[in-house]
Amino acid sequence: MASLIAIRLRNAALMLVLATLLCFALVVSAPGNVAVLIAELRTPKATFEQIHKVEEELGLNKPLIVRYGLWLTGALEGDLGVSYKTGQDIGEALSSRLPITLTLVVGGACFAALLSFVLGFMGALWPGRLGDVASRVLALLGASMPSFFVGALLIYGFAVQLRLFPSFGSESPTSWVLPWMTIGFLPAAVLSRVVRVGLEEAMARPFALTATAKGLSRWAILFRHALPTIAPTYVNALGAQGGAMVVGAIVVEPLYALKGVSDLFLQGVLFRDFMVVQACLLVFLTFFIILNLLVDIAIMFLDPKLRRQGAGA
Numbered sequence: 628m629a630s631l632i633a634i635r636l637r638n639a640a641l642m643l644v645l646a647t648l649l650c651f652a653l654v655v656s657a658p659g660n661v662a663v664l665i666a667e668l669r670t671p672k673a674t675f676e677q678i679h680k681v682e683e684e685l686g687l688n689k690p691l692i693v694r695y696g697l698w699l700t701g702a703l704e705g706d707l708g709v710s711y712k713t714g715q716d717i718g719e720a721l722s723s724r725l726p727i728t729l730t731l732v733v734g735g736a737c738f739a740a741l742l743s744f745v746l747g748f749m750g751a752l753w754p755g756r757l758g759d760v761a762s763r764v765l766a767l768l769g770a771s772m773p774s775f776f777v778g779a780l781l782i783y784g785f786a787v788q789l790r791l792f793p794s795f796g797s798e799s800p801t802s803w804v805l806p807w808m809t810i811g812f813l814p815a816a817v818l819s820r821v822v823r824v825g826l827e828e829a830m831a832r833p834f835a836l837t838a839t840a841k842g843l844s845r846w847a848i849l850f851r852h853a854l855p856t857i858a859p860t861y862v863n864a865l866g867a868q869g870g871a872m873v874v875g876a877i878v879v880e881p882l883y884a885l886k887g888v889s890d891l892f893l894q895g896v897l898f899r900d901f902m903v904v905q906a907c908l909l910v911f912l913t914f915f916i917i918l919n920l921l922v923d924i925a926i927m928f929l930d931p932k933l934r935r936q937g938a939g940a
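This is the structure in structure tokens:
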């Protein structure tokens, strides 16, 4: 098992290096001259001398490999540069915004997991009945509606009409309810089908038929015997949906006026603040890599085949 984990850690480290190369290459290859943009922000109709001065200040006139090395060294030390637009240190901006995005994604993942199990077990407990039909309809609706449309419906229903939850901000715990539901509804629909299909296949296996012959209830068989068999598949799907929720945060954060990393990324794209875009992309890719690493390690402990493989390695 230790050797398999070591291999996963090595692959994750390699992916992190490739992620830094990708972030740097995307920003460097962006059209336009960054020095011209910054100089014009400082002084309208900037002269050539002013543009050249900006290039020297930011090191834009140095070779690409030197610029990449300087940026990577700074990133490892927590120095991600300064925003071209505001002059604020990007590391400080990310440190204040990262908890908001993590709260949104983790809370949305918990909501998605809870709702997916409810819908999945409804279908598995009463196959072909009203509960099964209702879970299928909700899963179909959830997988068909984009996040911004779900958010608009939730804001209109729960914030405008019923006045149960705030429609923006993150000051109180109740203000997170609607964002969590918005970002977690589509993943819950996908995961509910994973639960439903996995339990249906498990209930057709010999161990489930044997347990039924012994007189165990369907509820007991589903929880005690069928549920552990779908755990590796479910964790893998949950990890994939967790990555999708980070992308969905780009839509959800502005919708609820949440000042997270995704909101900062959109501001950087809008104002062509390439240092901010570069830093946010690095944060997103690092999150994906760490999430995949954790999912791989969790599956190793949940899947008996991988455990035996790791024990024999």
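The opening position of the sequence shown corresponds to residue 628 in our numbering, with each subsequent residue numbered one higher.
Even for Gly, the Cβ is constructed at its ideal location relative to N, Cα and C.
Kindly indicate which three-state DSSP category residue i falls into: helix, strand or coil?
| i | result |
| --- | --- |
| residue 759 | helix |
| residue 900 | coil |
| residue 890 | helix |
| residue 716 | strand |
| residue 807 | helix |
| residue 875 | helix |
| residue 753 | coil |
| residue 932 | helix |
| residue 676 | helix |
| residue 690 | coil |
| residue 773 | coil |
| residue 695 | helix |
| residue 842 | coil |
| residue 656 | coil |
| residue 742 | helix |
| residue 801 | helix |
| residue 795 | coil |
| residue 880 | helix |
| residue 670 | coil |
Using only the alpha-carbon positions, how far apart do residue i and residue j sit?
| i | j | result |
| --- | --- | --- |
| residue 804 | residue 781 | 10 Å |
| residue 889 | residue 923 | 26 Å |
| residue 673 | residue 702 | 30 Å |
| residue 796 | residue 680 | 41 Å |
| residue 793 | residue 800 | 10 Å |
| residue 636 | residue 655 | 29 Å |
| residue 862 | residue 926 | 7 Å |
| residue 653 | residue 699 | 15 Å |
| residue 864 | residue 825 | 12 Å |
| residue 869 | residue 726 | 16 Å |
| residue 742 | residue 838 | 27 Å |
| residue 817 | residue 858 | 15 Å |
| residue 715 | residue 878 | 24 Å |
| residue 730 | residue 677 | 43 Å |
| residue 885 | residue 693 | 37 Å |
| residue 717 | residue 809 | 28 Å |
| residue 872 | residue 811 | 7 Å |
| residue 754 | residue 767 | 17 Å |
| residue 744 | residue 893 | 34 Å |
| residue 930 | residue 632 | 14 Å |
| residue 722 | residue 733 | 17 Å |
| residue 823 | residue 874 | 26 Å |
| residue 648 | residue 691 | 11 Å |
| residue 651 | residue 866 | 26 Å |
| residue 720 | residue 758 | 47 Å |
| residue 666 | residue 689 | 18 Å |
| residue 828 | residue 860 | 13 Å |
Under the DSSP definition of a beta bridge, which residues are partnered with residue i?
| i | result |
| --- | --- |
| residue 732 | BP columns for residue 732 are empty, so no partner. |
| residue 709 | 716 |
Quick one: is the Cβ of residue i within less than 6 Å of any heavy atom of the ligand GDP?
| i | result |
| --- | --- |
| residue 765 | Ligands displayed in this structure: none; no statement on the ligand GDP is therefore possible. |
Counting only beta-carbon separations shorter than 7 Å, does residue i have a partner in chain D?
| i | result |
| --- | --- |
| residue 692 | Within the model displayed, chain D is absent; a lone protein chain is all it includes. |
The region 765-775 touching the region 842-857, judged by at least three CB pairs closer than 8 Å: no
Cβ contact check for the region 801-816 and the region 733-744: 3 or more pairs under 8 Å: yes
Inter-stretch contact at 8 Å, needing at least 3 Cβ pairs: the region 883-903 / the region 745-765: With the rule of 3 Cβ pairs closer than 8 Å, the region 883-903 does not count as touching the region 745-765.
Cβ contact check for the region 703-711 and the region 851-862: 3 or more pairs under 8 Å: no
contact_flag[the region 746-760, the region 776-791] where n(CB pairs < 8 Å) is 3 or more: no
Segment contact, 8 Å Cβ cut-off, at least three pairs: the region 877-897 with the region 905-917: yes
Any 3 or more C-beta pairs closer than 8 Å across the region 911-919 and the region 636-647: Because the criterion of three Cβ pairs below 8 Å is met, the region 911-919 and the region 636-647 touch.
Ranges of the alpha helix (DSSP H) found wholly within the region 816-869, counting only runs of at least 4: 833-840, 845-848
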